[in-house]
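Peer 1: Have a look at this one before I ask anything.
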Amino acid sequence: MTAATLRPTGRRRRSVRSVTRRLLAEELRLVGRDPFTLGFTLAFPVVAMLVVGGAFGSEPAHGFPINPSHWYIASYVTVMIGATGLVMLPVHVASYRERGVLRRFAAAGFPRWSFAVAEIGLGLAGIAAGVAVLLVVAAPVYGVPAVRAPLPVAAALLAGSLAFVSIGVLLGTLLPSARAAQAVGLLLYVPSLLLGVGGPPTFIMPPGLRTVVEHLPLALVNRAIRDPWLGLGPGTEPLLLVTGLAVVALVLAVRRTRL
Numbered sequence: 018m019t020a021a022t023l024r025p026t027g028r029r030r031r032s033v034r035s036v037t038r039r040l041l042a043e044e045l046r047l048v049g050r051d052p053f054t055l056g057f058t059l060a061f062p063v064v065a066m067l068v069v070g071g072a073f074g075s076e077p078a079h080g081f082p083i084n085p086s087h088w089y090i091a092s093y094v095t096v097m098i099g100a101t102g103l104v105m106l107p108v109h110v111a112s113y114r115e116r117g118v119l120r121r122f123a124a125a126g127f128p129r130w131s132f133a134v135a136e137i138g139l140g141l142a143g144i145a146a147g148v149a150v151l152l153v154v155a156a157p158v159y160g161v162p163a164v165r166a167p168l169p170v171a172a173a174l175l176a177g178s179l180a181f182v183s184i185g186v187l188l189g190t191l192l193p194s195a196r197a198a199q200a201v202g203l204l205l206y207v208p209s210l211l212l213g214v215g216g217p218p219t220f221i222m223p224p225g226l227r228t229v230v231e232h233l234p235l236a237l238v239n240r241a242i243r244d245p246w247l248g249l250g251p252g253t254e255p256l257l258l259v260t261g262l263a264v265v266a267l268v269l270a271v272r273r274t275r276l
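Residues 18 to 276 (the numbering used here) are what the sequence shown spells out, left to right.
This is the structure:
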């Protein structure tokens, strides 16, 4: 056998891409029919943002360095990332594993990486849709804050989304059932939501708790996005940490989901 026969042909590469696109399209269709997924991933962060942002008003007060509603708009973008990566994807992937769908994919001859690529694409599409809905709803109510540093914010959004989408896929392949994935995902998501991202700001917390909370993975993503967005700092250190987390989580997720 020559080296040429071992190399994938252009036709085979096109076939792999075509199958992966079809798998992703089917995944998007199936998730779109799931009211729990849509409600929790899209509606909950939007409603919470409206409630919490309204509670603190639109004038700097209570220790906030800027408009509190803008603080929470930026923060709830991260909440959308957490909801997708820690709740939606683990439940979705674990339900496939529980029903033996992954084995059937492998038996049907799907390309080796197609499932991992499709699930990561599904997660990124879900986050993009959720963030778009969040900003559209926030705009007429509180106004969307101007992005002070677009490139760092875009990099943080991408790195944070990849990190949590990969974590979600990995959790879904490790946990034995959809119910277990939901329980573990909520156990990881709710404390991060209440303490590190969407709840009271960390500057009113005791110093010891603040140190712990600010180093939660979702809180690091939040700082990497919110600080350069609102002009509160460059966000370089959390961005580097989140990027490292994204690389590790992505490698583990792809290795775990090989068909």
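We put the CB at the ideal spot given by N, CA and C, even for glycine.
Along the alpha helix (DSSP H) that carries HIS109, what are the first and last residues, could you check?
Peer 2: 106-115
Peer 1: Of all the options PHE61, PRO255, PHE122, GLY147, which has the alpha carbon lying nearest to the alpha carbon of LEU40?
Peer 2: PHE122
Peer 1: From what residue to what residue does the alpha helix (DSSP H) around PRO85 run?
Peer 2: 85-100
Peer 1: Runs of 4 residues minimum, wholly inside the region 200-255: which ones carry the alpha helix (DSSP H) assignment?
Peer 2: Within the region 200-255, the complete alpha helix (DSSP H) runs of at least 4 residues fall at 224-230, 234-247.
Peer 1: Hey, is the region 259-266 in contact with the region 167-187, meaning 3+ C-beta pairs nearer than 8 Å?
Peer 2: yes
Peer 1: My output table needs one value for GLU76: the three-state DSSP class, helix, strand or coil.
Peer 2: coil
Peer 1: If LEU187 sits next to ALA198, beta carbons under 8 Å apart, how far is it from one beta carbon to the other, in whole angstroms?
Peer 2: Not confirmed; about 11 Å, so no contact.
Peer 1: Can you name, in chain order, every residue of its own chain whose Cβ lies under 7 Å from the Cβ of ILE98, other than the five neighbours on each side?
Peer 2: ILE144, GLY177, SER178, PHE181, VAL238
Peer 1: Are PRO162 and LEU226 close, meaning C-beta to C-beta below 8 Å?
Peer 2: no
Peer 1: May I ask which residues mark the beginning and end of the alpha helix (DSSP H) holding PRO157?
Peer 2: 131-158
Peer 1: Going by DSSP, what residue range makes up the alpha helix (DSSP H) through PRO169?
Peer 2: 167-191
Peer 1: By the three-class DSSP mapping on this structure, what secondary structure does SER35 have?
Peer 2: Helix, per DSSP.
Peer 1: Measure the C-alpha to C-alpha separation of LEU262 and VAL230 and round it to an integer number of angstroms.
Peer 2: LEU262 and VAL230 have their alpha carbons spaced roughly 17 Å apart.
Peer 1: Using 8 Å as the threshold, is the C-beta distance between LEU233 and SER194 below it?
Peer 2: no
Peer 1: What's the gap between the Cα of ARG12 and the Cα of ARG272?
Peer 2: Nothing about residue 12 can be reported from this structure: the residues present for the chain run from 18 to 276 only.
Peer 1: Does the Cβ-Cβ distance between ALA100 and PHE61 come in under 8 Å?
Peer 2: yes
Peer 1: Just checking, does the region 82-89 make contact with the region 148-163 on the three C-beta pairs under 8 Å criterion?
Peer 2: yes
Peer 1: Kindly give me the distance between the Cβ atoms of SER75 and GLY215, rounded to whole angstroms, as I take these residues to be in contact under 8 Å.
Peer 2: Going by Cβ atoms, the distance from SER75 to GLY215 rounds to 18 Å, so no, they are not a contact pair.
Peer 1: Near LEU59, what residues of its chain come up, given a Cβ to Cβ distance below 6 Å and the 5 sequence neighbours on each side ignored?
Peer 2: GLY147, VAL150
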